[in-house]
Structure formats: C-alpha cells, structure tokens
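In the numbering used here, the protein residues as written are 10 to 101.
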C-alpha cells in the first residue's frame, strides 16, 4: 500500500517486540499454564497454582509484550487479574 506521496507505508513502519506470552487452557476455560519469553530473561513458565506470580512478572516487564495468539481467554484472564489488583486500564 502506498501513501499520497507514493511511498510504501510498510517500509516506513518499525515494529519492536520485547517479549511474548501465551496461556494454555483446559476445556477452553480453565488456566493450566502461562509462558513468558522476553529478550532480557528468556523463557519462564507458571502453572495454575502460581498464576499470580505470572501476572506480577508480566506487569514488571518493560517494553512491548505481545500475546501469542492472544485470544479472548488470554486477554480477559490478564485484564481480570489486573483489575483485581486495583490497576485501572486506560483503553485509549
């Protein structure tokens, strides 16, 4: 796609990803495990028994962390945990 100046917009954009997280579930509604990979710390994982530690780790990261195939469960799980900690979310 080109912009009005005839420049390729895809060439102008830069994307920086500092890490990625993924959640595995059972029956699509029960958390089993959380995995987090970042450039700084490598791979770490938590189970349903210590999922609050996973939330703390996600909140402590700096930079851009993407959800791997971040479907409805992954994002809603994270937002629910953040809300329960009293952290307000700015949707803008």
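C-beta: ideal position from N, C-alpha, C; glycine also.
Values in this document were obtained by computation on a predicted structure and should not be read as measured data.
| Item | Value |
| --- | --- |
| Near residue 53, what residues of its chain come up, given a Cβ to Cβ distance below 6 Å and the 5 sequence neighbours on each side ignored? | 45 |
| Which word fits residue 75, buried or exposed, when buried means at least 16 other C-beta atoms lie within 10 angstroms of its C-beta? | exposed |
| Can you tell which of 93, 71 and 36 has its C-alpha closest to the C-alpha of residue 61? | 93 |
| Can you tell me where the beta strand (DSSP E) with residue 45 in it begins and where it stops? | 39-47 |
| Could you tell me which residues DSSP pairs with residue 52 in its beta bridges? | 46 |
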